[in-house]
Amino acid sequence: MEKELDKHLEETMTTHGVLGTMCADQHGMCLGAKGSVSGDSAGMVTRLSELAGQLDPSSEEDPIVCIESDASTLMIKKHDDVTMAIHKAKVPT
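If you want our numbering, it's the 1-based position in the sequence shown plus 1058.
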């Protein structure tokens, strides 16, 4: 599984504008990280996803959390027991 996860993280990093990516398990343990997203943030990313899900407990789908700055966006999405974060540079307009 580790090789397959690493392969997916590498593939995500090849997407235009992606600066970093990270996956964490349901306990906030980092499963893998590449680029600008530190594995040290795995617990915080997992917790943010959990808290966002509590905002609308009637929803059947886990929410996507987007944190934006002037230069980039961090997108966080939980799927089953894995939470993924993708850090993307904003496209100049």
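Even for Gly, the Cβ is constructed at its ideal location relative to N, Cα and C.
Helix, strand or coil for His-1145 per DSSP?
strand
Runs of beta strand (DSSP E) lying entirely within the stretch 1084 to 1119, each at least 3 residues, in chain order
1088 to 1093
Using CA coordinates, which residue listed in Gln-1112, Ser-1094, Pro-1115, Gly-1111 is at the minimum distance from Ala-1143?
Ser-1094
N- and C-terminal bounds of the alpha helix (DSSP H) containing Thr-1072
Run containing Thr-1072: none; DSSP gives neither H nor E here.
The beta strand (DSSP E) with Ser-1130 in it runs from where to where?
1130 to 1137
Mind checking whether Leu-1146 and Ser-1130 have CB atoms under 8 Å apart?
For the sequence presented, residue 1146 should be read as Lys rather than Leu. Contact flag set, yes.
CA-CA distance, Met-1102 and Ile-1134?
11 Å
Would you kindly work out how many angstroms separate the C-alpha atoms of Thr-1073 and Val-1123, rounded to a whole number?
19 Å
Pairwise C-alpha distance: Pro-1115 and Leu-1077
31 Å
Considering only C-alpha positions, which residue in the set Lys-1092, Lys-1061, Cys-1088, Leu-1106 is nearest to Asp-1098?
Cys-1088
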